[in-house]
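Input: a single structure, listed below in structure tokens.
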Amino acid sequence: MYDLVDSIALHLPTYMLVFVRLTAMMTVLPIFGYATVQPRMRGLIALSLTFIVAPGLPLLPLSVLDSLIGLLVLIAREVFTGIIIGFGARMIFEALAMAGSYVSMQIGLAMVNIFDPSMESQQPMIASFWMLVLTLIFLSTDSHFFLVETLYHNFSLIGLGQAAFPVTLGEVVVDGSSLIFDIALRFAAPALVFMIVMEVAMAFMARMMPQMNVFFVAMPLKIGVGLVVLILSLDMFQVMFGYLYGEMEHIVEQTIMNLR
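Residue numbers for the sequence shown follow our numbering, beginning at 1 and rising by one.
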């Protein structure tokens, strides 16, 4: 009986910190962190992975439990580590949502927001649609296993309580933010170019036929042309998905390396 109690006490710090990091990562990771995934389910997945990961890690000394402040610092370090790694994987999805917002604004659907249950907030219709398409492709190609591998393998690169937060980590965040804008513009480019061409065409029509109410004609025409362009650009997802997946791997690996 005493041996069991001693064994639990010996393993408690390690298991606790592993569970904290996994839980923090899963609240931010795409798909796992969606509001449609119940917190209880996230907790069960994190707990299951804890019992898989923790036995392979070196045990932390029981002395970490002696100081409450020291323990809170360790927990905070693991929480920040998990959030940073998870956000690195989520950047791609946020870029696509931004692209959808750009397109919605240009084709006149900026005010047409729908409730996105995965985000628990109002999102532009096109942004929600593109996020749904990307999620379906992500799951159908088994790409979500990369997220599971990240949950598992990050402990072999960043030990418990050993994460560093160097100055270069800020550069990674800035580079990641610029990458979000880059990917968003790539996805929104076809629709944006068509909208610009149509705006120029409507300007010529207004000059050639001053009696025509251009504003009355332009709005439904922009929406119709924009939706047609979006339908035609769905094939772009097949071409761009490999690029997005590669960028997500690169961002996550770079983030983990900067935390070592």
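Built from N, CA and C at the ideal position, the CB exists for glycine as well.
Nearest residue (CA-CA) to residue i, options the options
{"i": "residue 124", "options": "139, 102 and 248", "result": "102"}
{"i": "residue 156", "options": "177, 195 and 260", "result": "260"}
{"i": "residue 38", "options": "52, 23 and 49", "result": "23"}
{"i": "residue 250", "options": "188, 33, 32 and 91", "result": "91"}
{"i": "residue 131", "options": "95, 18, 28 and 229", "result": "95"}
{"i": "residue 57", "options": "33, 197, 152 and 140", "result": "152"}
{"i": "residue 257", "options": "47, 78, 165 and 235", "result": "165"}
{"i": "residue 31", "options": "48, 51, 133 and 47", "result": "133"}
{"i": "residue 19", "options": "242, 75, 193 and 198", "result": "75"}
{"i": "residue 52", "options": "73, 143, 122 and 149", "result": "149"}
{"i": "residue 99", "options": "211, 191 and 141", "result": "191"}
{"i": "residue 236", "options": "109, 187 and 211", "result": "187"}
{"i": "residue 158", "options": "198, 84, 11 and 115", "result": "84"}
{"i": "residue 49", "options": "16, 97 and 248", "result": "16"}
{"i": "residue 241", "options": "181, 139, 200 and 77", "result": "139"}
{"i": "residue 111", "options": "223, 41 and 198", "result": "223"}
{"i": "residue 79", "options": "147, 141 and 163", "result": "163"}
{"i": "residue 129", "options": "109, 217 and 145", "result": "109"}
{"i": "residue 66", "options": "147, 36, 114 and 12", "result": "12"}
Opening and closing residue of the alpha helix (DSSP H) in which residue i lies
{"i": "residue 154", "result": "144-157"}
{"i": "residue 38", "result": "Residue 38 -> no alpha helix (DSSP H), and no H or E assigned at all."}
Under the three-state DSSP convention, the category residue i falls into
{"i": "residue 210", "result": "coil"}
{"i": "residue 84", "result": "helix"}
{"i": "residue 114", "result": "strand"}
{"i": "residue 2", "result": "Note on residue 2: pLDDT 47, under 50, position unreliable in the model; the coordinate value appears next. Reduced to three states, the DSSP call for residue 2 is helix."}
{"i": "residue 66", "result": "coil"}
{"i": "residue 176", "result": "helix"}
{"i": "residue 107", "result": "coil"}
{"i": "residue 138", "result": "helix"}
{"i": "residue 224", "result": "helix"}
{"i": "residue 129", "result": "helix"}
{"i": "residue 160", "result": "coil"}
{"i": "residue 190", "result": "helix"}
{"i": "residue 181", "result": "helix"}
{"i": "residue 61", "result": "coil"}
{"i": "residue 51", "result": "helix"}
{"i": "residue 216", "result": "helix"}
{"i": "residue 165", "result": "coil"}
{"i": "residue 18", "result": "helix"}
Residue range of the unbroken beta strand (DSSP E) whose run includes residue i
{"i": "residue 121", "result": "121-124"}
{"i": "residue 237", "result": "Residue 237 -> not in any beta strand (DSSP E); alpha helix (DSSP H) instead, spanning 236-259."}
{"i": "residue 32", "result": "Neither: residue 32 is in no beta strand (DSSP E) and is coded neither H nor E."}
Rounded Cβ spacing between residue i and residue j (contact assumed at less than 8 Å)
{"i": "residue 14", "j": "residue 60", "result": "5 Å"}
{"i": "residue 107", "j": "residue 226", "result": "3 Å"}
{"i": "residue 86", "j": "residue 28", "result": "3 Å"}
{"i": "residue 127", "j": "residue 104", "result": "7 Å"}
{"i": "residue 82", "j": "residue 21", "result": "4 Å"}
{"i": "residue 45", "j": "residue 26", "result": "7 Å"}
{"i": "residue 229", "j": "residue 204", "result": "Between residue 204 and residue 229 the Cβ distance is about 20 Å, and since that is not below 8 Å, they are no contact."}
Contact with chain C by residue i, beta-carbon distance below 8 Å
{"i": "residue 121", "result": "No chain C appears in this structure, which consists of one protein chain only."}
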